[in-house]
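In my numbering, the protein residues as written are 26 to 425. Input: a single structure, listed below in C-alpha cells.
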C-alpha cells in the first residue's frame, strides 16, 4: 500500500493510481478553509530518546541487475537514507521530510499541499558526525511509498541508539529524486495482480540484500555512493552488522519477512499490517518476528498470517492495535490530521485514513512496541511489552 494512502481495505495492496482516484474528491479545500502560511510545514512529533539525530542519503547502483520496471535501463539504481545517532548537530541543516524535487509529484498523488510538504523538516541533521557503533535496522515502505514515509518511527529508534537505513524501491515508490535532480516516478503496471505483487516483493528483497552488501562496504571505510559524495565523519565502523533487524509497512512488512527467510544477516523482523506475499514471506524463519495488525474487528484472520504462523520456527508474537486502520502505520497518522482543515477532510474521511485512535497515542504505542521488540531481540533487553498484554497499553490486543 502506498506510504500515505487511505485504508480502503484491510492490508490491501492498491496502487498509487487507484489511491489518487480515491483522494480526488477531497484534495481541494472548501472555500471556508483557511490554510496556514505557505512557509509553515507540518510538525513531526519529537523523538523521546537522548541521542541527537544525523542523516545522509546515498545513491546506490547495482550493476549486476537491470531495472525490473523500466526496460532499457542497464542498471538498478536506488536511494537510501542512513539515520544515525549524531555526536552533535551544530552547523548542520535540518533534513527535509521529502527531497524538494519529489514534492510536486508527491503532492499530486497524495493530496497534501506542496508548499506545506516542502517546508516540513525532520529532526535529523544532514551530514552530522556519527556517534559510535550501533545495531542496524532496515525499513521498507508500503507499495508506492517513499523511504521517508515512516520517519516518525525511524527517528524514535535512532534517538534510542539505533542506526536505521530506509530504502526507496525505485519505480515502485511513488517518486524518487536522485542527486542530479532527476525524479523517477512509479512505473509498476497499473493493472496490478498477484503476479506483479509477487514480482515487486522479489525486487524489493533484492534491493534490500544489495543494501546490506553496501553497508558492509561503508563499514569497512568504502564509499559506494554513485557520485562519491562525502560521507559523515565516523560512519566507518559505525554499523554493528552482527545485530541487524528490519521492519516494514504493508508490502514492506512482506519484504521484511521474505528477506529474513532468505538472508540470515537479518536477525529480527516486524510486519506492520502487511499481507505476506510469496512463498518466502510465509515460510518464516528461526529468528524472531513480530506481526502488528490494524483493528480488523471480527473479520477473519489474513490467511497469509496463518500460514506464516504455522511455518515460523523462531520467537513470534501477533498484536493488534485497537482503533487503527491500515494507514495508521506511517507518517500519514500525523500529517493528515494537521492537513484535514485545509484539504477539506470530514471527520469520517479522516478516520478512514488514520483510524479513530488519537494520533499522538497511536504514535506512542507503535514507537514503544517497535523499540521494545528490537531492544529485546537485538540488544538482549527483555521487555514486558513482548511478554503479553500490558495494562499500560489497553489499546494493544494480544492475538496470539
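The C-beta atom is built at its ideal place from N, Cα and C for all residues, glycine as well.
Can you list, in chain order, the residues of its chain with a C-beta nearer than 6 Å to that of residue 160? Leave out the 5 residues immediately preceding and following it.
If you number the chain shown from 1, residue 160 lands on position 135. So the list reads 187, 265, 268 and 403, once near-sequence residues are dropped.
Can you give me the start and stop residues for the alpha helix (DSSP H) that residue 143 sits inside?
As a first step, residue 143 is located in the chain shown; it is residue number 118 there, counting from the start. Here the alpha helix (DSSP H) through residue 143 covers 139-143.
Helix, strand or coil, according to DSSP, for residue 77 in the structure here?
Reading the chain shown from its first residue, position 52 is the one you call residue 77. Correct three-state label for residue 77: strand.
Please report the residue range of the beta strand (DSSP E) in which residue 108 lies.
Counting from one through the chain shown, the residue named residue 108 turns up at place 83. Segment 101-111, the beta strand (DSSP E) holding residue 108.
Going residue by residue through the region 140-211, where are the continuous alpha helix (DSSP H) segments of at least 4 residues, counting only ones entirely within it?
Whole alpha helix (DSSP H) segments, 4+ residues: 176-184.
Grouping DSSP H, G and I as helix and E and B as strand, with all else coil, what is residue 366?
As a working mapping, residue 366 is identified with position 341 in the chain shown. Here residue 366 sits in helix by DSSP.
Could you tell me the distance, in whole angstroms, from the CA atom of residue 48 to the CA atom of residue 198?
In the chain shown, residue 48 corresponds to position 23, counting from 1. In the chain shown, residue 198 corresponds to position 173, counting from 1. At residue 48 the pLDDT is 34, less than 50, meaning the model places this residue with poor confidence and gives no usable figure here.
Buried or exposed, going by whether 16 or more other CB atoms sit within 10 Å of the CB of residue 143?
The sequence position of residue 143 within the chain shown is 118, counting from 1. Buried: at least 16 other Cβ atoms inside 10 Å.
Given this structure, state the Cα-to-Cα distance separating residue 408 from residue 212, to the nearest angstrom.
What you label residue 408 is simply residue 383 of the chain shown in a count that begins at 1. What you label residue 212 is simply residue 187 of the chain shown in a count that begins at 1. So the two alpha carbons sit approximately 42 Å from each other.
Between which two residues does the alpha helix (DSSP H) containing residue 332 stretch?
Here residue 332 refers to the residue found at position 307 when the chain shown is read from its first residue. Counting along the chain, the alpha helix (DSSP H) containing residue 332 begins and ends at 328-336.
By Cβ distance, which residues of its chain are closer than 8 Å to residue 100, with the 5 residues on each side in sequence left out?
For the purposes of this step, residue 100 is taken as residue 75 along the chain shown, with counting starting at 1. So the qualifying residues of the chain are 86, 87, 88, 90, 91 and 92.
Excluding the five sequence neighbours on either side, which residues of its own chain have a C-beta within less than 6 Å of the C-beta of residue 406, listed in chain order?
Taking the first residue of the chain shown as position 1, residue 406 is located at position 381. 400, listed in sequence order.
DSSP beta-bridge partners for residue 318?
Here the question's residue 318 lines up with position 293 in the chain shown. 345.
Which of the three DSSP states is assigned to residue 295 in this structure?
Taking the chain shown and counting its residues from 1, the one referred to as residue 295 is at position 270. Looking at residue 295 - three-state DSSP - the assignment turns out to be strand.
What are the boundary residues of the alpha helix (DSSP H) that includes residue 271?
Working through the chain shown from its first residue, we reach residue 271 at position 246. Segment 264-274 is the beta strand (DSSP E) holding residue 271; no alpha helix (DSSP H) there.
Could you spell out where the beta strand (DSSP E) holding residue 395 opens and where it closes?
The residue you call residue 395 lines up with position 370 of the chain shown. No beta strand (DSSP E) holds residue 395; the alpha helix (DSSP H) holding it covers 384-403.
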